[in-house]
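Residue numbers (full-length UniProt numbering): 1 to 214.
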């Protein structure tokens, strides 16, 4: 399959200080996986190559009001963890996109993310379709949460989905590895950032095969 950059979006999920930067509320939780796969530099390199090739770059940050009044009053699971730790509050340093990935003119910032799937509470699907996107390339946090949720929905909506295995991180190496091995191939074509850059630079064919009933 030939990858048309004009029909491709690199979707960057929650590259915000609360995850990415020392002092961020969840930085300590994801630091190990981030460092083990050189996630941030890999993503910086991928974004540069994507812009050079003409791929659309889209950011999907998450944020909440100070008192989280826009979501359930009885949170449980991972949402409870966000609230209990006071993470991703609007107009704070923690919600800002990390400096090394600051959006540039022409990039799109998706607004309204209040849940874990990038499509659930946002206009992401509308923007993808209105700009003629057929191929969605995913990177970000958490590998087995927001990235995986967005991946599954993008697959269900009929996009060609690529996941960048070394541009994602989560709370432990075991969780990260399990998602990449067991889940990502069912709903996307996983590849490293270098493999994806090779596709952009026409040094490699893109084969969408994933994993079926095996």
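Cβ coordinates follow ideal geometry from the N, Cα and C atoms, glycine included.
Note that the structure is predicted; figures quoted are calculated from it, not measured.
Legend entry - Complete runs of the beta strand (DSSP E) confined to the stretch 42 to 84 [at least 3 residues]: 56 to 60
Inset, instruction - Provide the residue span of the alpha helix (DSSP H) that contains residue 186, from first to last. - result: If you number the chain shown from 1, residue 186 lands on position 186. Segment 184 to 187, the alpha helix (DSSP H) holding residue 186.
Inset, instruction - Less than 8 Å between the CB atoms is what I'm expecting for residue 147 and residue 131, so what's the real figure, rounded? - result: For the purposes of this step, residue 147 is taken as the residue at position 147 of the chain shown. For the purposes of this step, residue 131 is taken as the residue at position 131 of the chain shown. With 8 Å as the limit, residue 147 and residue 131 do not qualify as a contact, their Cβ atoms being about 21 Å apart.
Inset, instruction - Per DSSP, which residues does residue 11 bridge with? Please list them. - result: Walking along the chain shown from the start, residue 11 turns up at place 11. According to DSSP, which records beta bridges pairwise, residue 11 is partnered with 58, 138.
Legend entry - Check whether residue 122 and residue 110 have beta carbons under 7 Å apart: Counted from its first residue, the chain shown places residue 122 at position 122. Counted from its first residue, the chain shown places residue 110 at position 110. Contact flag set, yes.
Legend entry - residue 161: first and last residue of the uninterrupted beta strand (DSSP E) it sits in: Here residue 161 refers to the residue found at position 161 when the chain shown is read from its first residue. That run of the beta strand (DSSP E) goes 160 to 169.
Legend entry - First through last residue of the alpha helix (DSSP H) which encompasses residue 173: Counted from its first residue, the chain shown places residue 173 at position 173. Note, residue 173: alpha helix (DSSP H), 173 to 178.
Inset, instruction - Can you tell me which of the three DSSP states residue 103 falls into? - result: In the chain shown, the residue the question calls residue 103 occupies position 103. Residue 103 falls in the coil class under three-state DSSP.
Legend entry - C-beta atoms of residue 120 and residue 136 nearer than 7 Å: By one-based count along the chain shown, residue 120 stands at place 120. By one-based count along the chain shown, residue 136 stands at place 136. No, these two residues do not count as a Cβ contact at 7 Å.
Legend entry - With 16 other Cβ atoms within 10 Å as the buried cut-off, status of residue 14: Sequence index remark: in the chain shown, residue 14 carries index 14 (1-based). Under this definition residue 14 is a buried residue.
Inset, instruction - Classify residue 100 as buried or exposed, calling it buried when 16 or more other Cβ atoms lie within 10 Å of its own Cβ. - result: The residue you call residue 100 lines up with position 100 of the chain shown. It is exposed - the Cβ of residue 100 has fewer than 16 other Cβ atoms within 10 Å.
Inset, instruction - Please say whether residue 193 and residue 17 have beta carbons closer to each other than 7 Å? - result: Residue numbering aside, residue 17 sits at position 17 when the chain shown is read from its first letter. Residue numbering aside, residue 193 sits at position 193 when the chain shown is read from its first letter. Their beta carbons are not under 7 Å apart, which means residue 17 does not touch residue 193 by this criterion.
Legend entry - Selected residue, minimal CA-CA separation from residue 138, among 82, 50, 25, 32: Indexing the chain shown from 1 puts residue 138 at position 138. With distances taken between Cα atoms, residue 138 lies closest to 50.
Legend entry - Residue interval of the alpha helix (DSSP H) (run including residue 199): Along the chain shown, read from residue 1 onward, the residue named residue 199 stands at position 199. Note, residue 199: alpha helix (DSSP H), 193 to 200.
Legend entry - 6 Å CB neighbourhood of residue 44 in its chain, flanking five on each side removed: As a first step, residue 44 is located in the chain shown; it is residue number 44 there, counting from the start. Around residue 44: 100.
Legend entry - 8 Å contact criterion, which residue 94 and residue 87 should meet: CB distance rounded: As a working mapping, residue 94 is identified with position 94 in the chain shown. As a working mapping, residue 87 is identified with position 87 in the chain shown. Rounded, the Cβ-Cβ distance is 6 Å, consistent with contact.
Legend entry - Under the three-state DSSP convention, the category residue 157 falls into: Residue numbering aside, residue 157 sits at position 157 when the chain shown is read from its first letter. Residue 157 falls in the coil class under three-state DSSP.
Inset, instruction - Tell me whether residue 144 is buried or exposed, calling it buried when 16 or more other Cβ atoms sit within 10 Å of its Cβ. - result: Walking along the chain shown from the start, residue 144 turns up at place 144. Classification for residue 144: buried.
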